[in-house]
Amino acid sequence: MKNATFRQIKTFETVARRLSFSRAADELNLSPPAVSVQIKHLEEHAGIALFEQLGKKIYLTSAGQEMLRYSQAIIRCVQEAEESLAKIRSGEGGQLNIGVISAGIYFFPKLVAEFVGQHCGVEPQLIVENRDDLLRRLDENRIDLAVMVGEPTDPRIVSEPFAPHAFLIVAPPRHRLAGRAPITLSELANERFIVRERGSDTWNAFEQCLGGRLDLKDTLEFRSTETIKQAVIAGMGISFVSAHTVEFEVRAGMLSVLDVDDSPWTRPWRIVHRTDKRLEPVAEAFRLFLLEEGAMRISELAQAVAG
Numbered sequence: 046m047k048n049a050t051f052r053q054i055k056t057f058e059t060v061a062r063r064l065s066f067s068r069a070a071d072e073l074n075l076s077p078p079a080v081s082v083q084i085k086h087l088e089e090h091a092g093i094a095l096f097e098q099l100g101k102k103i104y105l106t107s108a109g110q111e112m113l114r115y116s117q118a119i120i121r122c123v124q125e126a127e128e129s130l131a132k133i134r135s136g137e138g139g140q141l142n143i144g145v146i147s148a149g150i151y152f153f154p155k156l157v158a159e160f161v162g163q164h165c166g167v168e169p170q171l172i173v174e175n176r177d178d179l180l181r182r183l184d185e186n187r188i189d190l191a192v193m194v195g196e197p198t199d200p201r202i203v204s205e206p207f208a209p210h211a212f213l214i215v216a217p218p219r220h221r222l223a224g225r226a227p228i229t230l231s232e233l234a235n236e237r238f239i240v241r242e243r244g245s246d247t248w249n250a251f252e253q254c255l256g257g258r259l260d261l262k263d264t265l266e267f268r269s270t271e272t273i274k275q276a277v278i279a280g281m282g283i284s285f286v287s288a289h290t291v292e293f294e295v296r297a298g299m300l301s302v303l304d305v306d307d308s309p310w311t312r313p314w315r316i317v318h319r320t321d322k323r324l325e326p327v328a329e330a331f332r333l334f335l336l337e338e339g340a341m342r343i344s345e346l347a348q349a350v351a352g
């Protein structure tokens with residue numbers, strides 16, 4: 046049976062269902078002799094008769110009955126494949142492989158959920174890593190898109206800004222500078238800064254915004270934003286953080302935003318992908334969703350959190 050064609054299987058199923066070569070020919074828009082040729086070739090591949098003729102009527106043999114069961118299953122599989130591929134072509138289905146830096150977990154899953162709600166056949170795969178790890182995954186073709194802040198320098202990567210991203214300095218509520226305004230950068234020189242690790246977008250933003258203006262004498266690095274927040278709450282130091290990550294703690298009075306000169310510092314959220322990567326329709330649809338609606342959606346989420 047390895048040389049049987051789908052056309053032969055489809056023709057057989059139609060004849061078996063109609064139990065008539067002429068009626069099957071009409072349904073398939075073929076001539077009766079063409080139908081007979083297809084059945085003859087399929088029986089040769091099967092090595093056994095699939096029909097028997099008694100008088101003017103044809104009947105399925107036991108082999109034909111078994112072949113009908115498998116033929117219908119094959120046809121169903123092909124139809125399902127056609128439907129699935131049609132969804133993928135239209136962007137309404139398929140797997141969406143995306144990565145986001147850790148600051149994005151406070152809003153990004155909601156954006157993905159909204160997109161999936163509009164494209165019910167999409168299966169999202171979301172990876173949370175720091176910037177360098179996401180760029181590595183893009184390079185290895187393990188994700189299609191990544192959302193980050195810093196603009197990649199690799200010419201093989203294209204990045205498009207889609208929403209503003211604010212950074213703040215936070216401290217424990219009882220910190221000596223909490224509630225003061227304005228605060229100069231020189232007043233922070235002797236503070237212990239608790240920061241994200243090198244290679245993260247938050248570290249890069251910290252370097253861009255404050256690195257050349259603030260001579261830090263004491264720093265601690267952590268890979269986890271949640272760990273940093275807990276360390277600041279515990280009074281271990283102050284931190285430069287994404288505004289998205291501390292909305293709850295600030296509202297709850299667990300952290301205070303320091304009113305530092307020139308703050309908040311803003312850098313854009315970016316959607317990035319390889320220039321030589323042909324995006325799947327679903328990935329292209331999500332990219333356009335972020336570019337067209339990302340800023341508005343993030344703003345709405347922030348307002349909802351603020352109450």
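Heads up: the sequence shown begins at 46 in the working numbering, then just goes up one per residue.
Glycine is no exception: its CB is placed at the ideal position from the N, C-alpha and C atoms.
So, residue i versus residue j, is the Cβ gap smaller than 8 Å?
| i | j | result |
| --- | --- | --- |
| residue 120 | residue 55 | yes |
| residue 303 | residue 259 | no |
| residue 211 | residue 314 | no |
| residue 238 | residue 283 | yes |
| residue 105 | residue 96 | yes |
| residue 332 | residue 159 | no |
| residue 148 | residue 289 | yes |
| residue 161 | residue 153 | no |
| residue 191 | residue 150 | no |
| residue 202 | residue 183 | yes |
| residue 140 | residue 58 | no |
| residue 264 | residue 240 | yes |
| residue 189 | residue 330 | no |
| residue 317 | residue 204 | yes |
Under DSSP, the beta strand (DSSP E) around residue i begins and ends at which residues?
| i | result |
| --- | --- |
| residue 263 | 263-267 |
| residue 102 | 102-105 |
| residue 170 | 166-173 |
Which residue marks the beginning of the alpha helix (DSSP H) containing residue i, and which one marks its end?
| i | result |
| --- | --- |
| residue 291 | It is not in any alpha helix (DSSP H) - residue 291 carries neither H nor E in the DSSP assignment. |
| residue 66 | 66-73 |
| residue 152 | Counting along the chain, residue 152 falls outside any alpha helix (DSSP H), and DSSP gives it neither H nor E. |
| residue 258 | Careful: residue 258 lies outside any alpha helix (DSSP H) and carries neither H nor E. |
| residue 271 | 270-278 |
| residue 305 | Taken as a continuous stretch (DSSP letters only), residue 305 belongs to no alpha helix (DSSP H), as it is neither H nor E. |
| residue 56 | 51-63 |
Using DSSP with H/G/I as helix, E/B as strand and the rest coil, what is residue i?
| i | result |
| --- | --- |
| residue 93 | coil |
| residue 129 | helix |
| residue 241 | strand |
| residue 318 | strand |
| residue 249 | helix |
| residue 283 | strand |
| residue 179 | helix |
| residue 336 | helix |
| residue 139 | strand |
| residue 324 | coil |
| residue 313 | strand |
| residue 162 | helix |
| residue 99 | strand |
| residue 146 | coil |
| residue 345 | helix |
Could you check whether the Cβ of residue i sits closer than 8 Å to any Cβ belonging to chain B?
| i | result |
| --- | --- |
| residue 323 | Within the model displayed, chain B is absent; a lone protein chain is all it includes. |
According to the neighbour-count rule (16 or more other Cβ atoms, all chains shown, within 10 Å of its Cβ), is residue i buried or exposed?
| i | result |
| --- | --- |
| residue 127 | exposed |
| residue 213 | buried |
| residue 85 | exposed |
| residue 123 | exposed |
| residue 187 | exposed |
| residue 114 | exposed |
| residue 344 | exposed |
| residue 170 | exposed |
| residue 311 | exposed |
| residue 262 | exposed |
| residue 274 | buried |
| residue 53 | buried |
| residue 236 | buried |
| residue 165 | exposed |
| residue 249 | buried |
| residue 352 | With a pLDDT of 40 at residue 352, under the threshold of 50, the modelled position of that residue is not reliable, and no figure is offered here. |
| residue 98 | exposed |
| residue 110 | exposed |
| residue 74 | exposed |
| residue 50 | exposed |
Tell me whether residue i counts as near the ligand MN, meaning its Cβ is closer than 7 Å to at least one heavy atom of that ligand.
| i | result |
| --- | --- |
| residue 105 | The ligand MN is not part of this structure, which contains no ligands at all. |
Please give me, in chain order, every unbroken run of the beta strand (DSSP E) with length at least 3 that falls completely inside the region 188-218. Within the region 188-218, the complete beta strand (DSSP E) runs of at least 3 residues are 190-193, 202-216.
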